[in-house]
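Worksheet for the structure shown next.
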Amino acid sequence: MSSKILIIGACGQIGTELTIKLREIHGVDNVIASDINTRNLDLVNAGPFVILDAKNFNAIKDCCINHKIDTVYLMAALLSATGEKYPMEAWDLNMNSLFHVLNLAKSKQIKKVFWPSSIAVFGPSTPRTQTPQHTICEPTTVYGITKQVGERWCEYYHEKYGVDVRSIRYPGIISHKAMPGGGTTDYAVEIYHEAIKEGKYESFLSENTHLPMMFMDDAIKATTEIMAANSEHLSIRSSYNLSAISFSPKEIAESIQAEMPNFKITFKPDFRQAIADSWPSSIDDSVARKDWNWSHDFNLHTMTKVMLRELAKTYKS
Ligand code: VAH
Numbered sequence: 008m009s010s011k012i013l014i015i016g017a018c019g020q021i022g023t024e025l026t027i028k029l030r031e032i033h034g035v036d037n038v039i040a041s042d043i044n045t046r047n048l049d050l051v052n053a054g055p056f057v058i059l060d061a062k063n064f065n066a067i068k069d070c071c072i073n074h075k076i077d078t079v080y081l082m083a084a085l086l087s088a089t090g091e092k093y094p095m096e097a098w099d100l101n102m103n104s105l106f107h108v109l110n111l112a113k114s115k116q117i118k119k120v121f122w123p124s125s126i127a128v129f130g131p132s133t134p135r136t137q138t139p140q141h142t143i144c145e146p147t148t149v150y151g152i153t154k155q156v157g158e159r160w161c162e163y164y165h166e167k168y169g170v171d172v173r174s175i176r177y178p179g180i181i182s183h184k185a186m187p188g189g190g191t192t193d194y195a196v197e198i199y200h201e202a203i204k205e206g207k208y209e210s211f212l213s214e215n216t217h218l219p220m221m222f223m224d225d226a227i228k229a230t231t232e233i234m235a236a237n238s239e240h241l242s243i244r245s246s247y248n249l250s251a252i253s254f255s256p257k258e259i260a261e262s263i264q265a266e267m268p269n270f271k272i273t274f275k276p277d278f279r280q281a282i283a284d285s286w287p288s289s290i291d292d293s294v295a296r297k298d299w300n301w302s303h304d305f306n307l308h309t310m311t312k313v314m315l316r317e318l319a320k321t322y323k324s
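Numbering (my numbering), first residue to last: 8 to 324.
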């Protein structure tokens, strides 16, 4: 029997494309999209949608009962830059939404949970290149703290209560279907939009700031693959390192200039530079590749081609 899925935070950057993909796999009527508001009308009108506050346990429970949900993807969160502006709101949303979903799984109301972590769990004391799966995690952002603590709770609920929760540490994610919101890696999305609209971009990170990144199609592939993996094969129940490409603002600009020779980039670092400087420059994801056969498809050059092609269409229409 097909899964009945609830996506919390479906209107976000990842949630938008995850909803589309899960509906392709499981059928539109088997995937309930939800968010705190209806900010993405295309998504709201494309299939079952409910307004849902990720901080409201009873609302989530009632939704799961009413729609006979067995699997929840919890995609709602305040990201790194926003979390520094509103620390208590970030703690409240990021942590309490996770407890609500883990407790529904503990009480067997639902069977399976996906929860996104992030490379933000790492901090300045973490080895910066090819960061290993098991290493020092001393995050210096509120967002990173919520992800580090969330990973500990996911592993605890799995070990203590047998909850089938699965998680991956997303790098920065680049997509053209939905804008990111409040992240430090958002420059890598903005740059493509500005390249098409203005032919130039002022980066809020300095030119040689290397960060782990990934095209959205690869992130969605990893998410659906880990959720389909045989539970016995999953040796990590905190969160898996995941990697695809690593690049700097200078390198992504050069990949754009290969397609648009007149594109110009300038650099004006802001408060997000300190956040980026606290994160690794590349990630060792060999455990994910071993446990559930993960592999990425897009490199910087192929991603740039797709992004510029699709955004040119978007802005033309
Ligand atoms: C952020 N896009 O910038 C998110 C992500 C690795 C970064 O978690 O906050």
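Virtual Cβ for every residue (Gly too), placed ideally from N, Cα, C.
Nearest to residue i (by Cα), restricted to the options the options
| i | options | result |
| --- | --- | --- |
| SER285 | SER132, ASN44, ALA112 and ALA17 | SER132 |
| ASP292 | GLU197, SER246 and LYS62 | SER246 |
| VAL196 | ASP225, TYR150 and GLY179 | GLY179 |
| HIS217 | ALA226, ILE227 and THR192 | THR192 |
| PRO219 | ASN237, VAL149, GLU317 and PHE254 | PHE254 |
| VAL156 | THR136, ALA97 and THR230 | ALA97 |
| GLU31 | THR231, SER242, ALA319 and ASP304 | THR231 |
| THR148 | LYS167, GLN137, GLN140 and VAL128 | VAL128 |
| THR89 | ILE282, HIS107, PHE56 and ALA226 | ILE282 |
| PHE106 | TYR93, ALA185 and VAL79 | VAL79 |
| ALA229 | VAL57, TYR194, ASP304 and MET314 | ASP304 |
| PRO55 | LYS119, VAL35 and ASN73 | VAL35 |
| GLN20 | LEU81, HIS33, ILE58 and LYS75 | LEU81 |
| TRP299 | ARG316, MET314, LYS115 and ASN237 | ASN237 |
| THR23 | ASP277, ARG296 and MET223 | MET223 |
| LEU241 | ARG316, GLY16 and LYS297 | LYS297 |
| LEU307 | SER174, LYS75 and ASP225 | ASP225 |
| GLU214 | GLY188, ASP277, PRO187 and PRO134 | ASP277 |
| ILE175 | LYS320, GLU158, PRO146 and MET186 | GLU158 |
| GLY151 | HIS33, GLU91 and LYS75 | GLU91 |
Check: residue i C-beta below 6 Å from any heavy atom of the ligand VAH
| i | result |
| --- | --- |
| ALA127 | yes |
| THR142 | no |
| GLY16 | no |
| SER213 | no |
| LEU86 | yes |
| THR191 | yes |
| GLY179 | yes |
Cβ-based burial, residue i [other Cβ within 10 Å; buried from 16]
| i | result |
| --- | --- |
| LYS11 | buried |
| ILE325 | No answer is possible for residue 325: it lies beyond the span of the chain, which begins at 8 and ends at 324. |
| ARG46 | exposed |
| ASN248 | buried |
| GLY190 | buried |
| SER324 | exposed |
| PRO146 | buried |
Residue i to residue j span [Cα, whole Å]
| i | j | result |
| --- | --- | --- |
| ILE203 | ASP42 | 30 Å |
| TYR322 | LYS113 | 46 Å |
| THR153 | MET102 | 6 Å |
| CYS144 | GLY206 | 39 Å |
| LYS312 | GLU266 | 8 Å |
| PHE244 | SER124 | A small correction: the amino acid at residue 244 is Arg; Phe does not occupy that position in the sequence shown. Approximately 11 Å between the Cα atoms of the pair. |
| MET234 | PHE121 | 7 Å |
| ARG279 | SER9 | 42 Å |
| ASN63 | GLU239 | 32 Å |
| ASN52 | ILE126 | 33 Å |
| GLY169 | LEU212 | 42 Å |
| LEU29 | ALA40 | 10 Å |
| ALA83 | ILE14 | 9 Å |
| ASP69 | ASN269 | 54 Å |
| SER287 | PRO139 | According to the sequence shown, residue 287 is Pro rather than Ser. Whole-angstrom Cα-Cα distance: 10 Å. |
| ILE72 | LYS118 | 13 Å |
| VAL294 | THR309 | 25 Å |
| ILE27 | THR142 | 35 Å |
| ASP77 | ILE227 | 20 Å |
| VAL57 | ILE290 | 36 Å |
Proximal residues to residue i (C-beta, below 6 Å), its chain only, five neighbours per side dropped
| i | result |
| --- | --- |
| MET221 | PRO178, ILE180 and ALA251 |
| PRO94 | VAL149 |
Nonlocal neighbours in the same chain, by C-beta distance under 8 Å from residue i, ignoring five residues either side
| i | result |
| --- | --- |
| ILE198 | TYR208, SER210, PRO256, ILE259, ALA260, ILE263 and ILE272 |
| THR164 | Residue 164 is actually Tyr in this sequence, not Thr. Answer for TYR164: LEU109, ALA112, LYS113, VAL170 and VAL172, listed in chain order. |
| LYS275 | GLU209, SER210 and PHE211 |
| GLU330 | Look at the range of the chain in this structure, 8 to 324, and you will see that residue 330 is not part of it. |
Close Cβ partners of residue i (< 7 Å) along its chain, the five nearest in sequence each way excluded
| i | result |
| --- | --- |
| GLU162 | ARG244 and SER245 |
| ASP60 | ILE43 and ALA66 |
| CYS18 | ASP42, ARG46, ASN47 and LEU50 |
| ASN37 | SER9, SER10, LYS11 and ILE12 |
| LEU318 | HIS183, TYR199, HIS200 and ILE203 |
| LEU100 | ALA61, LYS62, ALA83, ALA84 and LEU85 |
| MET314 | ILE181, HIS183 and TYR199 |
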